[in-house]
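Enquirer:
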Amino acid sequence: MKAFKFDWFILPLIGIAVVLLMWQISSKTWAKELPTPHKTWEASKDYVLKPFEKRGEMDQGILRFTWYSLILVAKGYAIALIIGTPIGFCLGLSKAFTKTFDPIIQVLRPVSPLAWLPLGLVLFLGAGKQASELGALFTIAICAMWPTVLNTAVGVRAIPQDYLNVAKVLKLSRWKTLTKVMIPATMPYMFTGFRLSLGIAWLVIVAAEMLTGRPGVGGFLWQEYNALLYEHIILCIITIGVVGFVLDRLMSLVESRFKTA
Amino acid sequence: MPYLELKSVSKGYGSNGSRTEVLRDVNLSIEQGEFVAIVGYSGAGKTTLMSILAGLIRPDTGSVTLEGREMSGPGPDRGLVFQNYSLLPWLTVAENVRLAVDQVFPEKTEAGRAAHATEFIEMVNLAPARDKRPHELSGGMRQRVSVARTLAMNPKVLLLDEPLSALDALTRANLQDEIARIRAQQKQTVVLITNDPDEAILLADRVVPLTAGPNATLGESFIVDLPHPRDRKALNHSPRFRELRRDISEYLLRSRQDRHATVTRKLILPDIDPEDLSVPRNMLGRTRPLRSSEAREATVEVSS
Numbered sequence: 032m033k034a035f036k037f038d039w040f041i042l043p044l045i046g047i048a049v050v051l052l053m054w055q056i057s058s059k060t061w062a063k064e065l066p067t068p069h070k071t072w073e074a075s076k077d078y079v080l081k082p083f084e085k086r087g088e089m090d091q092g093i094l095r096f097t098w099y100s101l102i103l104v105a106k107g108y109a110i111a112l113i114i115g116t117p118i119g120f121c122l123g124l125s126k127a128f129t130k131t132f133d134p135i136i137q138v139l140r141p142v143s144p145l146a147w148l149p150l151g152l153v154l155f156l157g158a159g160k161q162a163s164e165l166g167a168l169f170t171i172a173i174c175a176m177w178p179t180v181l182n183t184a185v186g187v188r189a190i191p192q193d194y195l196n197v198a199k200v201l202k203l204s205r206w207k208t209l210t211k212v213m214i215p216a217t218m219p220y221m222f223t224g225f226r227l228s229l230g231i232a233w234l235v236i237v238a239a240e241m242l243t244g245r246p247g248v249g250g251f252l253w254q255e256y257n258a259l260l261y262e263h264i265i266l267c268i269i270t271i272g273v274v275g276f277v278l279d280r281l282m283s284l285v286e287s288r289f290k291t292a
Numbered sequence: 331m332p333y334l335e336l337k338s339v340s341k342g343y344g345s346n347g348s349r350t351e352v353l354r355d356v357n358l359s360i361e362q363g364e365f366v367a368i369v370g371y372s373g374a375g376k377t378t379l380m381s382i383l384a385g386l387i388r389p390d391t392g393s394v395t396l397e398g399r400e401m402s403g404p405g406p407d408r409g410l411v412f413q414n415y416s417l418l419p420w421l422t423v424a425e426n427v428r429l430a431v432d433q434v435f436p437e438k439t440e441a442g443r444a445a446h447a448t449e450f451i452e453m454v455n456l457a458p459a460r461d462k463r464p465h466e467l468s469g470g471m472r473q474r475v476s477v478a479r480t481l482a483m484n485p486k487v488l489l490l491d492e493p494l495s496a497l498d499a500l501t502r503a504n505l506q507d508e509i510a511r512i513r514a515q516q517k518q519t520v521v522l523i524t525n526d527p528d529e530a531i532l533l534a535d536r537v538v539p540l541t542a543g544p545n546a547t548l549g550e551s552f553i554v555d556l557p558h559p560r561d562r563k564a565l566n567h568s569p570r571f572r573e574l575r576r577d578i579s580e581y582l583l584r585s586r587q588d589r590h591a592t593v594t595r596k597l598i599l600p601d602i603d604p605e606d607l608s609v610p611r612n613m614l615g616r617t618r619p620l621r622s623s624e625a626r627e628a629t630v631e632v633s634s
């Protein structure tokens, strides 16, 4: 089909319309409990139109919940990057380090956030009221770390020998070689890792909030499920999806700034 | 006493089983201020020789001495211009040069170092491009940046590793003239490695052929007694230039022909291959030597 003038705008709208139609049909036929798009909107209106209102601990505008979730994600993500990047560098630089820790990393990497969270809560049991937040941070950090670790390691291994030869001929000190040559050369790989990590951190936050019942998008979702308010579940799913999409776009913008020829 | 000297240098790659000697018994002595060009086939070990001169790799035997001191590693006293430019793509032209200047002249003031870098960027006529990044420059411009970066280190010896081989013919001619000009200005000791005998004769005081590898070594020197500055147009008509070019080409061709006198013969080996002890042993235990029947068919080349 030939591209027409507003295809970038019209075609996605058609896609949305198709999905809404299927949703409508489903809720009328085989999934009677599923609220229709209209009912969902009616029930969610308050949360969307007054996104920052706070009526109670678990009854707040949707962006306010998102904000809580984002703050927690930001903290956990920061921990993941601060720990993950140096580990990635060590893996990339040292064969012995790789041989020592690679098996452990490969085993820990596929573990689900749902499995980490209870351990996180146990670890910070002594923290009292803080336990759920620290547990959630632990889970986010440990789950989101791996793409950063592995991509940084690949990036370090992929540094062209020519750049290292330049450093050798100039007799750059180890520290200068690291900061002036190796880190800039690894940047593009690191940012790919950072972007993947952010995606995972956002996935984990929902699970973590659901299990701990913290105020946030995930906690809200779980509470409304228990309260049989199914409309709000759909609202939460859409919010989570949109926020994840926006985060990914922002990261790829940052990433493209660091792409060197 | 020679300024830069290579004494019976050899270098090989690979371990016992499949070892190839790239360079064997290479001797070269260069006087201060001399421009020596080493001409050889591609794959003959030219870059290996240059890496040894620069100290990036260590020879298996023999020694490299500069001003009588033995060299053990790389350093800014031997400025290497890489074949593929090796500019850092995230730095601008000026920053690439500054990286070298800052490293070699830490005692100078900030302004002094900036002026020093600018001087060399201007020397290679790149002042308008000083804030561009390497990917915005043409191949010829990148190589000029690389030359500027190297010259800015004030090296005792300038090592040019096929600096122009990746450029088109016109740009190459242009840069050859520029190298000749800079060299006349700086009076530096230069070692140029190239696969182009014309380029070697045009620029150098002495041309040394590198015979075809493996086991490449340096042949007898050809002194280029043509007066500087040399004009490439006039040179084409100079009988001495043509004579030199003929001699060098013939020498190289002959060295190659000698190599061709090898036969390929299949050898029937005993049923057990010797174990290669240089291969690291398997973690799970000693590996058994391979039986020939399990090994893939091997063709062994034997020089007659």
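Protein chains in written order, with the working numbering: chain P, 32 to 292; chain F, 331 to 634. Even for Gly, the Cβ is constructed at its ideal location relative to N, Cα and C.
#1: Is F/Tyr343 helix, strand or coil when you go by DSSP?
#2: Closest to P/Gly224 by C-alpha separation, out of P/Ala184, P/Arg205, P/Thr210 and P/Leu201, would be which residue?
#3: Please tell me whether P/Asn182 has its Cβ less than 8 Å away from any Cβ of chain F.
#4: For a contact defined as C-beta to C-beta under 8 Å, what are the partners of F/Gln433 on chain P?
#5: Please list, in chain order, the chain P residues whose beta carbon lies closer than 7 Å to that of F/Gly405.
#6: To the nearest angstrom, report how far apart F/Arg408 and F/Gln516 are at their CA atoms.
#7: Going by beta carbon distance, what residues of the same chain come within less than 8 Å of F/Gln413, once the five residues before and after it are set aside?
#8: So, at 7 Å on beta carbons, what are the nonlocal neighbours of F/Leu386 in its own chain, with the 5 sequence-adjacent residues on each side left out?
#9: Report the neighbours of P/Asp193 on chain F: residues whose CB is nearer than 7 Å to its CB, in chain order.
#10: Out of F/Pro389, F/Asp577, F/Val411 and F/Asp498, point me to the one whose CA is closest to F/Lys337's CA.
#11: Would you list the one or two residues that DSSP bridges to F/Asp561?
#12: Could you pull out every residue in the same chain whose Cβ sits closer than 6 Å to the Cβ of P/Ser100, ignoring the five residues on either side in sequence?
#13: Would P/Val212 pass as an interface residue toward chain F - the criterion being a Cβ-Cβ separation below 8 Å?
#14: Starting from F/Asn484, follow the alpha helix (DSSP H) in both directions and report where the run begins and ends.
#15: My understanding is that F/Leu410 touches F/Ala384, with C-beta atoms under 8 Å, so please give their C-beta distance in whole angstroms.
#16: Applying the criterion that 16 or more other CB atoms from any shown protein chain within 10 Å of the CB defines a buried residue, is F/Pro436 buried or exposed?
#17: Scan the segment 101-135 of chain P for residues whose Cβ lies nearer than 9 Å to a Cβ of chain F and list them as they occur along the chain.
#18: To which residues does DSSP link F/Pro539 through a beta bridge?
#19: Helix, strand or coil, according to DSSP, for P/Ala292 in the structure here?
#20: List the endpoints of the continuous alpha helix (DSSP H) containing P/Val126.
#21: Just the chain P side, please: which residues come within less than 8 Å of F/Leu386 by C-beta, in chain order?
#22: Can you grab the Cα-Cα spacing for the pair F/Pro419 / P/Thr210, in whole Å?
#23: If you run the structure through DSSP and keep just helix, strand and coil, what is P/Pro215?
#24: For P/Pro68, which residues from the same chain have a beta carbon less than 7 Å from its beta carbon, with the 5 sequence-adjacent residues on both sides left out?
#25: In the DSSP assignment, find the beta strand (DSSP E) that holds P/Lys85 and state where it starts and stops.
#26: Quick check on F/Asn566: does DSSP put it in helix, strand or coil?
#27: Contact criterion: CB-CB distance below 8 Å. Does P/Pro215 meet it with respect to chain F?
#28: Judging by CA-CA distance, which residue of F/Arg584, F/Ile553, F/Val352 and F/Gly392 is the nearest neighbour of F/Phe571?
#29: Can you name, in chain order, every residue of its own chain whose Cβ lies under 7 Å from the Cβ of P/Leu278, other than the five neighbours on each side?
#30: CA-CA distance, P/Ala158 and P/Leu139?
#31: Note down, in chain order, each residue of its chain lying with its Cβ closer than 8 Å to the Cβ of P/Leu154, except the 5 sequence neighbours on either side.
#32: Could you have a look at F/Gly392 and say whether DSSP puts it in helix, strand or coil?
#33: Would the segment 207-221 of chain P count as touching the segment 75-82 of chain P if we require 3 or more Cβ pairs under 8 Å?
#34: Between F/Leu540 and chain P, is there a C-beta pair that is closer than 8 Å?
#35: State the start and end residues of the unbroken alpha helix (DSSP H) segment that holds F/Glu425.
#36: Which residue from P/Ser57, P/Leu42 and P/Leu145 puts its Cα closest to that of P/Met241?
Expert: Taking the geometry as given:
#1: For F/Tyr343, the three-state secondary structure derived from DSSP is strand.
#2: When only C-alpha atoms are compared, the closest one is P/Ala184.
#3: Judged by the 8 Å Cβ criterion, P/Asn182 is not in contact with chain F.
#4: Correct list: Leu201, Lys202, Leu203 and Lys207.
#5: By Cβ distance, chain P contributes Lys202.
#6: Taking C-alpha positions only, F/Arg408 is separated from F/Gln516 by approximately 15 Å.
#7: Cβ neighbours of F/Gln413 beyond the five flanking positions: Thr377, Asp491, Glu492, Pro493, Ser495 and Ala496.
#8: Excluding sequence neighbours, F/Leu386 sits near Pro404.
#9: For P/Asp193, the neighbours in chain F by C-beta distance under 7 Å run, in chain order, Phe412, Asn414 and Ser416.
#10: For F/Lys337, the nearest C-alpha among the options comes from F/Pro389.
#11: F/Asp561 is not bridged to any residue.
#12: So the list reads Ile236, Gly247 and Val248, once near-sequence residues are dropped.
#13: It does; some Cβ of chain F falls within 8 Å.
#14: Unbroken run through F/Asn484: none, as it is neither H nor E.
#15: At roughly 4 Å, the Cβ-Cβ gap stays under 8 Å, so F/Leu410 and F/Ala384 are in contact.
#16: By the neighbour-count criterion, in which 16 or more other beta carbons inside 10 Å mark a residue as buried, F/Pro436 falls on the exposed side.
#17: The segment 101-135 of chain P vs chain F, Cβ under 9 Å: nothing.
#18: Under the DSSP definition of a beta bridge, F/Pro539 partners with F/Val369.
#19: Note that P/Ala292 has pLDDT 44, beneath the 50 cutoff, so the model's placement of it is unreliable and the number below is only indicative. Three-state DSSP puts P/Ala292 in coil, outside helix and strand.
#20: Checking the sequence, you will find Lys at residue 126 of chain P rather than Val. Lys126 to Leu139 is the extent of the alpha helix (DSSP H) around P/Lys126.
#21: Result: Asn196, Lys199 and Val200.
#22: Cα to Cα, the separation comes out at about 15 Å.
#23: Looking at P/Pro215 - three-state DSSP - the assignment turns out to be helix.
#24: Leu51, Trp54 and Gln55, listed in sequence order.
#25: Going by DSSP, P/Lys85 is part of the beta strand (DSSP E) stretching over Lys85 to Gly87.
#26: Correct three-state label for F/Asn566: coil.
#27: True, the Cβ-Cβ gap to chain F drops below 8 Å.
#28: Checked all of F/Arg584, F/Ile553, F/Val352 and F/Gly392; the closest Cα to F/Phe571 is F/Ile553.
#29: Result list for P/Leu278: Leu229 and Trp233, in chain order.
#30: Near 25 Å, if we compare the C-alpha coordinates of P/Leu139 and P/Ala158.
#31: Leu165, Gly166 and Phe169.
#32: DSSP, read as helix, strand or coil, puts F/Gly392 in strand.
#33: Segments in contact, no.
#34: Not closer than 8 Å to any Cβ of chain P, the Cβ of F/Leu540 fails to qualify, so no.
#35: Counting along the chain, the unbroken alpha helix (DSSP H) around F/Glu425 starts and ends at Val423 to Val434.
#36: Among P/Ser57, P/Leu42 and P/Leu145, the Cα nearest to that of P/Met241 is on P/Leu145.
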